[in-house]
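There are 6 protein chains.
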Amino acid sequence: MRYVKDIKDGYTVQDVYLCKTKNSATTKNGKEYLNVIIADKTGNIDCKIWNADSAGISDFEPMDYVFVNGEAKTFNGNLQIDIRQIRKADASEYNVEDFIPTSKKDVEEMYDAILKCISTVENNYLHALLEEFFVNDAEFIKAFKLSSAAKSIHHNFAGGLVEHTLGVARLCAFYAKQYPAINKDLLLTAALCHDIGKIYEYSPFPENDYTDEGNLLGHIVMGIEMAGEKIKGIPGFPKDLANELKHCIASHHGKLEFGSPKKPGIIEAVALSYADDTDAKIQSFIQYIEDAETYDWNFSRAFDGSIRMTKGE
Amino acid sequence: MRYVKDIKDGYTVQDVYLCKTKNSATTKNGKEYLNVIIADKTGNIDCKIWNADSAGISDFEPMDYVFVNGEAKTFNGNLQIDIRQIRKADASEYNVEDFIPTSKKDVEEMYDAILKCISTVENNYLHALLEEFFVNDAEFIKAFKLSSAAKSIHHNFAGGLVEHTLGVARLCAFYAKQYPAINKDLLLTAALCHDIGKIYEYSPFPENDYTDEGNLLGHIVMGIEMAGEKIKGIPGFPKDLANELKHCIASHHGKLEFGSPKKPGIIEAVALSYADDTDAKIQSFIQYIEDAETYDWNFSRAFDGSIRMTKGE
Amino acid sequence: MRYVKDIKDGYTVQDVYLCKTKNSATTKNGKEYLNVIIADKTGNIDCKIWNADSAGISDFEPMDYVFVNGEAKTFNGNLQIDIRQIRKADASEYNVEDFIPTSKKDVEEMYDAILKCISTVENNYLHALLEEFFVNDAEFIKAFKLSSAAKSIHHNFAGGLVEHTLGVARLCAFYAKQYPAINKDLLLTAALCHDIGKIYEYSPFPENDYTDEGNLLGHIVMGIEMAGEKIKGIPGFPKDLANELKHCIASHHGKLEFGSPKKPGIIEAVALSYADDTDAKIQSFIQYIEDAETYDWNFSRAFDGSIRMTKGE
Amino acid sequence: MRYVKDIKDGYTVQDVYLCKTKNSATTKNGKEYLNVIIADKTGNIDCKIWNADSAGISDFEPMDYVFVNGEAKTFNGNLQIDIRQIRKADASEYNVEDFIPTSKKDVEEMYDAILKCISTVENNYLHALLEEFFVNDAEFIKAFKLSSAAKSIHHNFAGGLVEHTLGVARLCAFYAKQYPAINKDLLLTAALCHDIGKIYEYSPFPENDYTDEGNLLGHIVMGIEMAGEKIKGIPGFPKDLANELKHCIASHHGKLEFGSPKKPGIIEAVALSYADDTDAKIQSFIQYIEDAETYDWNFSRAFDGSIRMTKGE
Amino acid sequence: MRYVKDIKDGYTVQDVYLCKTKNSATTKNGKEYLNVIIADKTGNIDCKIWNADSAGISDFEPMDYVFVNGEAKTFNGNLQIDIRQIRKADASEYNVEDFIPTSKKDVEEMYDAILKCISTVENNYLHALLEEFFVNDAEFIKAFKLSSAAKSIHHNFAGGLVEHTLGVARLCAFYAKQYPAINKDLLLTAALCHDIGKIYEYSPFPENDYTDEGNLLGHIVMGIEMAGEKIKGIPGFPKDLANELKHCIASHHGKLEFGSPKKPGIIEAVALSYADDTDAKIQSFIQYIEDAETYDWNFSRAFDGSIRMTKGE
Amino acid sequence: MRYVKDIKDGYTVQDVYLCKTKNSATTKNGKEYLNVIIADKTGNIDCKIWNADSAGISDFEPMDYVFVNGEAKTFNGNLQIDIRQIRKADASEYNVEDFIPTSKKDVEEMYDAILKCISTVENNYLHALLEEFFVNDAEFIKAFKLSSAAKSIHHNFAGGLVEHTLGVARLCAFYAKQYPAINKDLLLTAALCHDIGKIYEYSPFPENDYTDEGNLLGHIVMGIEMAGEKIKGIPGFPKDLANELKHCIASHHGKLEFGSPKKPGIIEAVALSYADDTDAKIQSFIQYIEDAETYDWNFSRAFDGSIRMTKGE
């Protein structure tokens, strides 16, 4: 398959893509035509269907996979495809993975690293809780591996939640080593659970947008509820420990104005909020660097300032 | 019983009070003595026990009720009691209500008004949920009636939670009448449930301080969990309705920086946040007016500015 | 007359509209043409005049009413009108009301409700002041009924000032009933007068934009001056009462950063600022709901967040 | 008279002072006594009256002038006066000026400079307005000369309003010379009138505290009303000019959060807000330097940071 | 030469301009063409080169000077040039000054005024330091005269740094006269040096954009380093004086959030920060007035509000 | 020596302490006495010298070491010492280390770890720069080892700068391992140099207060100047690398409002600012935990909220 990012002026396109939007329009001479945006995991491209009566046109809707036959052209400095033929595609004609941006790292390898992390948690209750999620709950595991950690900016791809969770957990493990006053088991458990609510906050790829309950409640509230549910199933789980863990989830954004209903009040909550922020911001910068190709300064919304790649010499 | 606020210079005090603090000290001439603060629902007063060896002194602790025999005197402009005799009191010697500030309004009457409010909710699921809390859950009802709505400033007395909840519910009922676009049942239910988490956020009177889970999680998170629990017990409770109700609880502080993990996103959540804020602020002002005895301007921390009683003529 | 919101692709348009803008342009082939935007109370639409020499073209200016004869077409997904003929219209050819968005509610009915409100004010001085404005000052009454309460977002239509003033007054009347500490007469008077300065802050419809003195002084300062003027004409009006009323007007935005030169310092001022904010925000949400046709989340500038219609079940 | 700042340990005090506060108290041994604070324009000092029965004690109230006969002593590191005798003083026994802090500069000289400023205003209407206030209104002139420009920090002394007004006017005259785009007459008039409302915002010395209308309305609103009143008396005063002048008064705090109901929107308003802020802040620093006697750093509330005198070499 | 601002619809253009950008594109019919933006000191204009094969097209790059032969036309309401012929220009064909916006005032005259300012500084060390920069360092002097004081909004033209520096110095000289507590020599020196780092913060005209070290360090840090360097070359320069001067440079933005690493802590630093802000804001307003041609209100990003020219009568 | 924290009611004190303050006072009966505060590295204690004529009293000043002979007593709940005899101590009578709070960790061991860190820096220029400071500059090394990293809250003891620098460097080394996009050499160098300016920002112990240049310039500006100086001595040090390193120092507080003149604009600067903040905040929490002895919640100024020790079970 030819990915969107590889389409160039003059190419003939004959492949299946995801239809993102579909709108009818009329030329100055009164001729009707269609504006369509198609996409795959590498990007979007505008298309025009000048012959609005051509077969198959009325058979597809946005978020359908469509077979596209057309010509790539530059118009007003932007590439677009003049579509000769378009029709809804059969499931057999495409591979869903081509439409889902994924982590550059191996998700299964990272998940194994998470399981290894879990094996270092010595507190029985916390260990049991982690196993309930990451070992015993097949539905959770599947959703967790497919989920992103954000809509945009950082870890905004399938596997992103695994990658971010592992990054945070590793920072936390290091903190616990460097600062022995930290309760390692509590911090690691909190790190692994801090974003579990995200599996319900975003819809699955290829959409990856806020769900209704994501908008209404957010991953912090949902994560606390999910943890609370599992904890109820673990006999004897100490109430104080449960509350401290929930507190870490509640406060992991660090500040009320970032959507945490409580500020960090115990050292593990403080540490978690730093690990979460550090991993997110450094990964955001890495994604910027991977895209940038110059040492020029660019304004970054995420950093609210100008940033550039490092020369270092 | 002679209430603290009625003790005057020269009075002989012979009654039971609540011991708030107890510290030993030494006079300039090296004599040991005790500083004790005693309280009832009307206020606090400092006491000195000059004879540190007197009987009964070592038998009581802070938060014990104590029988006090002493003399009220003015020292450095403040009233204090020179205690001749002090001892732990028997439960038979005092009435706990004397140590709990209470609403000036009748709690049972207000509770009846809440029940009447509930009877106007037509949606079966919401009505069932409200009955689960306010009719069927005896433990909840008892705690709800005794709880305050805040540590200080407004509704900081037993029955305060009932009074504030009713005040908010009445404002909401009026909003629903004035603005028909509002879903009355959802708004009323949200109004009645918005602060239910407070029964666990503050310890019971006479302490009325943040509990450990109050500090760790807060009444918003706990209220959502409490509602979620009850909802699970109501067969067929619609998921969307449950989420919208939880959203109203989650967002009732109106802004992230006030501890809501979500901003109001539906009209009932907007309305609830206004009702909550309006009732709290106007009640704060009323409590100020009830204490103030002049038309002078006073700086108010709650209003972050100078305020005064209205002359109005 | 065919309203702008009812014009569809393919329609022939032959009606009078308000010309909002008029600019000349040149096609790629060097042919001159005109871009014109026409409007009525239901919206705007772009027009092209390809024959720049056609009769009548040079005779009209922006903010003139023009007779338009043309064809509606879709271009690049947007509707536009290809104008065959256009000329300045006679006053006899159109009805100004078609160009002024108006309240869905009956303005006269609402005004009667305001008068009824006034009749409940028992304080002689305040009652006299209200009559000076709302009963005796014909020029004020006419402008008040025609004015909007805002440029956009909420009550941004003729009659909007009446509707908003009545909404605020009703909330205030309810507050006074629920919280007897409030001076009802002062609060009602303040509610009815809080936005009187708006009749000079916005130019009359169809323009409804900030006037020069609106920009220089704003409705708060002008409202205080207007009230002060009338008060001077009422013998014996108590100075303290006048200052408290002016204070309510001055502080009704609630915070300095919202343009109030003073924060609310008496309970009626606090109550008024809540009523004003509550009515404005709930009405903004209602206008959003009336336009929205889905349960999808939309970002709202007014609420600085995502909002949606309530499902409620 | 011996000023408060000159009283030293061991001195015998026999003079008239202003009584600021008067409270009764009781010694540890049960003896009643009085705490009194007396003051003059140089400061305050605590006093004790050990013999609570001595003649004259019940005859004076706070804000009375009292004759004091006593001994200055150091107690706990602070100076206090043990009063042997105290009584209300006759108006003939003291000079009110001794109790009013005054500008170090000659108020009449500064006022003459203001009049000279006025003589440079060429616009007839503005010139007439200034004469109405500063030449023709004897009551205004008297109050203006006696008023401070603030309760504390800068120009907080009688004559302070004259000094600050002159300082601002001189900065403005310089701006108009350096930046010819500025309308000199408008800016000078605005500078001279910007704080006229302060004569009603503070009570007269020796109190110098916010008046009731100062708290309710503030000097900006009152200043606009005062200017409006005078303008009405000047036939033909152009409306636009009046509004621009009022706008300068309205916006002279520069930002909404500093209590201006409008931000500066014309160049003279911008210039005035800078002149006002510059003169206030530099004068605050000068008053700090005049008090400080070391090059040590001190935290300054006014500057929200540490400040020190300049060494300069 | 015909300046960009003077080009009108229908003109034939035959002159040298600076090429700002150059991009290839394709018409709907598949024909390739070029979009080019050309500029001089008066503005920018879009150009189209329809014949992409014409001679000379591949020989120039952005930031080259090019000879343009074409026709000015209006398209979609904007002027553009249809280029018939274009080629890289010889240095002999244009005058660099035509591409550099310059101060309306004579730079040399203003520089002389700066030198006169310097001659009034009596402190030997400060005088020596100023001469090191403004008299002895030819490279500095040249760069200083050519530099702007900002990328946009105010003094964003060659000579702007001289003009702003002189404006600030004159305000400071006036402050020192009006407030004798100010150390005139220190303040004047600080005024003259406060923005010296700007010669390295912006690239030279015609680019005038942030340099790499401008982005990394900014003019405050670089200015302190530049001053420190020169000071080291002046034997006996007092350490305290050097630190106070550097402090003035460090704190001249007045607040941390504006990029000053320290807030003003001595009176000269306070005064400098006011002078800098006053001159920048008033000059911004003047540049707005010079462009505006109506008394209409316009939203200004620089003032974060609506502004207009003053009528004044 | 008996440390201040070990003095108990009834103890006889006969040791050398540091005199922090010394003030004369007078008892109610007119007897003069002295208030003195003495200190060592473990804390402060109030003292009274009732016999103001006793030998030696006039011979010592604040910040002198004094031999104290007295009795510890409790007065008003606070311990104080009634001094019988006091005199200036000989240098031979005390050990300066007893008056300097020091890191609980071995400073030399931590310094060795810093040197080991340096040995991992492969870039020749950066390595040379680090050696210039940490190996070759004896004066710097001595000051660096003795300095604190803050006046209070965290690392506010001798060796604190070493401990904090090492903590930050270790976090940075871990980041570089976890995120390979980071330039390890640049980040490590920046970590080791980020607070070098602190050796001049605080005066040496036992004072540990802001120096004059600390107040005027701060450790960020001074650190950049120190680095710049050393860099000039290293032939061929690349300009870009120098600027990037200085940028890391400049931006290590992460935000302008925290005193950084630039926000982090390269990934190493972002990483450094997180490491600095993380180490400071976690260490602050650790110092809190080490002092706290209960699981009660306490309000923390540093965290602007309530915090407590973790139960963890």
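Residue numbers (this note's numbering), protein chains in the order written: chain B, 1 to 313; chain X, 314 to 626; chain S, 627 to 939; chain W, 940 to 1252; chain Y, 1253 to 1565; chain A, 1566 to 1878. For every residue, glycine included, the Cβ atom is placed at its ideal position computed from N, Cα and C.
- prompt: Using a beta-carbon distance below 8 Å, is residue 1688 of chain A in contact with chain Y?
  reply: Against the sixth sequence, residue 1688 of chain A aligns to sequence position 123. By this cut-off, residue 1688 of chain A is not an interface position.
query: Quick one: is the Cβ of residue 875 of chain S within less than 7 Å of any heavy atom of the ligand SAM?
result: By its list of ligands, the structure shown contains no ligand whatsoever, and the ligand SAM lies outside what it can speak to.
- prompt: What number of angstroms, rounded off, separates the C-alpha of residue 778 of chain S from the C-alpha of residue 1196 of chain W?
  reply: Against the third sequence, residue 778 of chain S aligns to sequence position 152. Against the fourth sequence, residue 1196 of chain W aligns to sequence position 257. Rounded to whole angstroms, residue 778 of chain S and residue 1196 of chain W show a C-alpha spacing of 24 Å.
- prompt: Of all the options X:449, X:446, X:433, X:473, which has the alpha carbon lying nearest to the alpha carbon of residue 497 of chain X?
  reply: Working through the second sequence from its first residue, we reach residue 497 of chain X at position 184. Closest option to residue 497 of chain X, Cα to Cα, is X:433.
- prompt: For residue 1636 of chain A, which residues does DSSP report across the bridge?
  reply: Taking the first residue of the sixth sequence as 1, we reach residue 1636 of chain A at position 71. Looking at the DSSP assignment, residue 1636 of chain A forms a beta bridge with A:1577, A:1647.
field: Three-state secondary structure (DSSP) of residue 513 of chain X
entry: Locating residue 513 of chain X in the second sequence gives position 200, counting from the first residue. Three-state DSSP puts residue 513 of chain X in a helix.
field: Member of S:823, S:832, S:651, S:806 whose CA lies at the smallest distance from the CA of residue 723 of chain S
entry: In the third sequence, residue 723 of chain S corresponds to position 97, counting from 1. Answer by Cα proximity: S:832.
- prompt: Does any C-beta atom of chain Y lie closer than 8 Å to the C-beta of residue 883 of chain W?
  reply: In the structure as shown, chain W starts at 940 and stops at 1252, and residue 883 of chain W therefore has no counterpart that could be examined.
field: Within chain S, the residues that residue 215 of chain B reaches when beta carbons sit closer than 8 Å
entry: Numbered from its first residue, the first sequence carries residue 215 of chain B at position 215. Result: 923, 932, 934.
query: Is there contact here, the stretch 1785–1803 of chain A with the stretch 268–278 of chain B, by at least three beta-carbon pairs under 8 Å?
result: Fewer than three Cβ pairs drawn from the stretch 1785–1803 of chain A and the stretch 268–278 of chain B lie within less than 8 Å of each other, which leaves the two stretches out of contact.
Contact set for residue 1274 of chain Y: own chain, Cβ-Cβ below 6 Å, skip 5 residues either direction: Position 22 of the fifth sequence, counting from 1, holds the residue named residue 1274 of chain Y. Counting only Cβ-Cβ distances below 6 Å, and skipping sequence neighbours, we find 1288, 1314.
query: Hey, quick one: how far does the beta strand (DSSP E) through residue 660 of chain S stretch, first residue to last?
result: What you label residue 660 of chain S is simply residue 34 of the third sequence in a count that begins at 1. Residues 658–666.
- request: Using a cut-off of 8 Å between C-beta atoms, extract the partners of residue 244 of chain B located in chain X.
  value: Position 244 of the first sequence, counted from the first residue, corresponds to residue 244 of chain B. The answer, in chain order, is 529.
Rounded C-alpha distance that separates residue 1369 of chain Y from residue 1225 of chain W: Counted from its first residue, the fifth sequence places residue 1369 of chain Y at position 117. Counted from its first residue, the fourth sequence places residue 1225 of chain W at position 286. Straight across, the Cα-Cα distance linking residue 1369 of chain Y with residue 1225 of chain W is about 25 Å.
- prompt: Taking C-alpha atoms, which residue in Y:1452, Y:1385, Y:1298 lies nearest to residue 1320 of chain Y?
  reply: Start at 1 with the first residue of the fifth sequence, and residue 1320 of chain Y comes out as number 68. Nearest to residue 1320 of chain Y by alpha-carbon distance, out of Y:1452, Y:1385, Y:1298, is Y:1298.
message: Output needed in chain order: residues of the stretch 782–807 of chain S with a Cβ under 8 Å from some Cβ in chain X.
response: Going along the stretch 782–807 of chain S in chain order, one finds 793, 796, 797, 800, 801, 804, 805, 807 with a Cβ nearer than 8 Å to chain X.
query: Where residue 1422 of chain Y and residue 842 of chain S are concerned, what is the direct C-alpha to C-alpha distance, given to the nearest angstrom?
result: Reading the fifth sequence from its first residue, position 170 is the one you call residue 1422 of chain Y. Reading the third sequence from its first residue, position 216 is the one you call residue 842 of chain S. Taking the straight line from one Cα to the other gives about 31 Å.
Close Cβ partners of residue 1836 of chain A (< 7 Å) along its chain, the five nearest in sequence each way excluded: Walking along the sixth sequence from the start, residue 1836 of chain A turns up at place 271. Here the set comprises 1737, 1740, 1747, 1752.
task: Name, please, each residue of chain S whose Cβ falls closer than 8 Å to the Cβ of residue 424 of chain X.
output: For the purposes of this step, residue 424 of chain X is taken as the residue at position 111 of the second sequence. Correct list: empty, because the minimum Cβ distance to chain S is about 17 Å.
query: Quick one: Cα of residue 1388 of chain Y to Cα of residue 1513 of chain Y, how far?
result: Looking up residue 1388 of chain Y in the fifth sequence gives position 136. Looking up residue 1513 of chain Y in the fifth sequence gives position 261. Note on geometry: alpha-carbon atoms of residue 1388 of chain Y and residue 1513 of chain Y lie some 30 Å from one another.
Per DSSP, cross-strand counterpart(s) of residue 932 of chain S: If you number the third sequence from 1, residue 932 of chain S lands on position 306. Answer by DSSP bridge pairing, in chain order: S:925.
Residue 1339 of chain Y, DSSP secondary structure in three states: As a position in the fifth sequence, residue 1339 of chain Y is number 87, starting the count at 1. Residue 1339 of chain Y falls in the strand class under three-state DSSP.
query: Would you call residue 922 of chain S buried or exposed, if buried means 16 or more other Cβ atoms sit within 10 Å of its Cβ?
result: Looking up residue 922 of chain S in the third sequence gives position 296. Classification of residue 922 of chain S: exposed, given that the 10 Å Cβ count is below 16.
task: Give the C-beta separation of residue 1519 of chain Y and residue 1221 of chain W to the nearest angstrom, bearing in mind that I take them to be a contact with Cβ-Cβ under 8 Å.
output: Translated into positions along the fifth sequence, residue 1519 of chain Y becomes position 267. Translated into positions along the fourth sequence, residue 1221 of chain W becomes position 282. Going by Cβ atoms, the distance from residue 1519 of chain Y to residue 1221 of chain W rounds to 7 Å, so yes, they are a contact pair.
field: Three-way DSSP call (helix, strand, coil) for residue 1746 of chain A in this model
entry: Position 181 of the sixth sequence, counted from the first residue, corresponds to residue 1746 of chain A. The three-state secondary structure of residue 1746 of chain A, taken from DSSP, is coil.
- prompt: Is residue 1544 of chain Y buried or exposed, if buried means 16 or more other CB atoms sit within 10 Å of its CB?
  reply: Locating residue 1544 of chain Y in the fifth sequence gives position 292, counting from the first residue. The residue is exposed, with fewer than 16 neighbouring Cβ atoms inside 10 Å.
task: Assign residue 308 of chain B to one of two classes, buried (16 or more other C-beta atoms within 10 Å of its C-beta) or exposed (fewer than that).
output: Numbered from its first residue, the first sequence carries residue 308 of chain B at position 308. With 16 or more Cβ atoms within 10 Å of its Cβ, residue 308 of chain B is classed as buried.
task: Excluding the 5 residues preceding and the 5 following residue 209 of chain B in the sequence, name in chain order all residues of the same chain whose CB lies nearer than 8 Å to its CB.
output: Within the first sequence, residue 209 of chain B is the residue found at index 209, counting from 1. Spatial neighbours of residue 209 of chain B in its own chain (CB-CB distance under 8 Å, excluding positions within 5 residues in sequence) are listed in chain order as 151, 202, 203.
query: In angstroms, rounded to a whole number, what distance separates the CA positions of residue 269 of chain B and residue 531 of chain X?
result: Taking the first residue of the first sequence as 1, we reach residue 269 of chain B at position 269. Taking the first residue of the second sequence as 1, we reach residue 531 of chain X at position 218. Distance between the alpha carbons of residue 269 of chain B and residue 531 of chain X: 15 Å.
field: Close Cβ partners of residue 263 of chain B (< 7 Å) along its chain, the five nearest in sequence each way excluded
entry: Numbered from its first residue, the first sequence carries residue 263 of chain B at position 263. Excluding positions up to five away in sequence, the list reads 251, 255, 256.
message: I need the straight-line Cα distance from residue 949 of chain W to residue 1012 of chain W, nearest angstrom please.
response: Numbered from its first residue, the fourth sequence carries residue 949 of chain W at position 10. Numbered from its first residue, the fourth sequence carries residue 1012 of chain W at position 73. Taking the straight line from one Cα to the other gives about 6 Å.
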